[in-house]
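Have a look at the structure below before the remarks.
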Amino acid sequence: MIDFKNIDFSTMSLFEVMMKIIANIRNDFNEIKIMNIYIKKIQEVLFCISDKFSEIEKLEKLLFLFYKTWNFGSAINVYKLSDMIWLDNVILYHKGNSFSLGIILIYIASQLNLTIIPIIFPTQLILKFQSLEKKIFYINPINGEILNKHILKVWLKGNISSSTKLEESYLQESEPLLIIQKILDILKIALIEERSIELALHVSNILLKIKPKDPYEIRDRGLIFSQLQCYHVAISDLLYFIEQCPEDPVSDIIKMQIHSIEQKRNTLH
Numbered sequence: 000m001i002d003f004k005n006i007d008f009s010t011m012s013l014f015e016v017m018m019k020i021i022a023n024i025r026n027d028f029n030e031i032k033i034m035n036i037y038i039k040k041i042q043e044v045l046f047c048i049s050d051k052f053s054e055i056e057k058l059e060k061l062l063f064l065f066y067k068t069w070n071f072g073s074a075i076n077v078y079k080l081s082d083m084i085w086l087d088n089v090i091l092y093h094k095g096n097s098f099s100l101g102i103i104l105i106y107i108a109s110q111l112n113l114t115i116i117p118i119i120f121p122t123q124l125i126l127k128f129q130s131l132e133k134k135i136f137y138i139n140p141i142n143g144e145i146l147n148k149h150i151l152k153v154w155l156k157g158n159i160s161s162s163t164k165l166e167e168s169y170l171q172e173s174e175p176l177l178i179i180q181k182i183l184d185i186l187k188i189a190l191i192e193e194r195s196i197e198l199a200l201h202v203s204n205i206l207l208k209i210k211p212k213d214p215y216e217i218r219d220r221g222l223i224f225s226q227l228q229c230y231h232v233a234i235s236d237l238l239y240f241i242e243q244c245p246e247d248p249v250s251d252i253i254k255m256q257i258h259s260i261e262q263k264r265n266t267l268h
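Reminder that position 171 of the sequence shown reads as 170 in numbering that gives the first Met the number 0, one-by-one numbering, no gaps.
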């Protein structure tokens, strides 16, 4: 298991950390084999993009290669949301979501000595690139399009509220652990919906390494345990949530859930 307290993100990329996390979630994930596929992509990038190019030229050529030549993009025809996050499926089928595509692009760009910054925007992950000349570009990792503030404002108004304003705080770099947490949250929900409950439990346990004793994560783990018919530990987790968050409106629903679990447990005994 990864020790999140001792990860040095100055020497280890988001992409590399996620590769190791996925290897901890899935027994069938061949980290070495998949990493070698990514290395071949990087070799192709280094062959196509010369060091003699300016930073902006490198970025333009990388985006063309990534989205036009390799055809990375959104997973419109992928029926499992988890497939957009598993980094082996993303590299094999070139389809992902903003988070998976974003961390891959950041990793490949770093091999060209290009620094791209991840930002958890209210609607999705976006990327920020600032050239030596202080020119700033915002990038949509789903399709490689350059974003301006007008587009970002439209996103906010269309997805949140017509009165939502573009705050400067929305465009600040996001901490690596926060991005990892967000990816795992999405993955956990996807796995539960896909009925991959044991994998969802692995994800929940990793999230609790990042945020120990978080009542909401413990609540989710309790609900996962209940689906696995591990009723004793499920009740323990759900009771913890009620004790820690008695005023939360969800607490009443969780109490009903506990009552239902107790009935199932009594039936089995």
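We put the CB at the ideal spot given by N, CA and C, even for glycine.
In the structure shown, the three-state DSSP call for F136 is strand. For F98, the enclosing alpha helix (DSSP H) covers residues 97 to 109.
Between P117 and L124, the gap from beta carbon to beta carbon is short of 8 Å. Spatial neighbours of V202 in its own chain (CB-CB distance under 7 Å, excluding positions within 5 residues in sequence) are listed in chain order as I24, L183, L186, K187, L190. As a beta-bridge residue in DSSP terms, P117 pairs with L126.
For the pair I31 and W85, the CB atoms are not nearer than the 8 Å cut-off. Between the segment 123 to 140 and the segment 82 to 101 there are three or more C-beta pairs closer than 8 Å, enough to call the two in contact. Under the Cβ criterion (8 Å, minimum of three pairs), the segment 144 to 154 does not count as touching the segment 36 to 45. If you draw a straight line from the Cα of S225 to the Cα of S259, it is about 10 Å long.
Using a Cβ distance threshold of 8 Å, K181 and I223 do not count as a contacting pair. Between L113 and F136, the beta carbon gap of about 11 Å keeps them out of contact (Cβ cut-off 8 Å). Inclusion of I253 and I241 in the CB contact set at 8 Å is warranted, their separation being smaller than that value. Counting along the chain, no alpha helix (DSSP H) covers Y78, and no H or E run does either.
Runs of the alpha helix (DSSP H) spanning 4 or more residues and lying entirely within the segment 26 to 53 occur at 30 to 47, in chain order. In summary, P140 is buried, with 16 or more beta-carbon neighbours lying within 10 Å of its beta-carbon over all protein chains present.
The beta carbons of F14 and Y106 sit closer together than 8 Å. Secondary structure note for W154: its alpha helix (DSSP H) is the uninterrupted segment 148 to 158. Rounded to the nearest whole angstrom, the C-alpha separation of I36 and L198 is 24 Å. Around the CB of L177, fewer than 16 other CB atoms lie within 10 Å, so the residue is classed as exposed. The segment 163 to 251 contains, as complete alpha helix (DSSP H) runs of 4+ residues, the segments 175 to 192, 196 to 209, 214 to 226, 230 to 243 (chain order). In chain order, D82 place their CB closer than 7 Å to the CB of N88, counting only its own chain and leaving out the 5 sequence neighbours on each side. Residue pairing from DSSP places I145 in a beta bridge opposite I138. Going by DSSP, A74 is part of no alpha helix (DSSP H) at all; its letter is neither H nor E. Looking at the DSSP output, K94 bridges to G72.
By alpha-carbon distance to N204, the top candidate from E216, S195, E193 is E216.
In the structure shown, the three-state DSSP call for S259 is helix.
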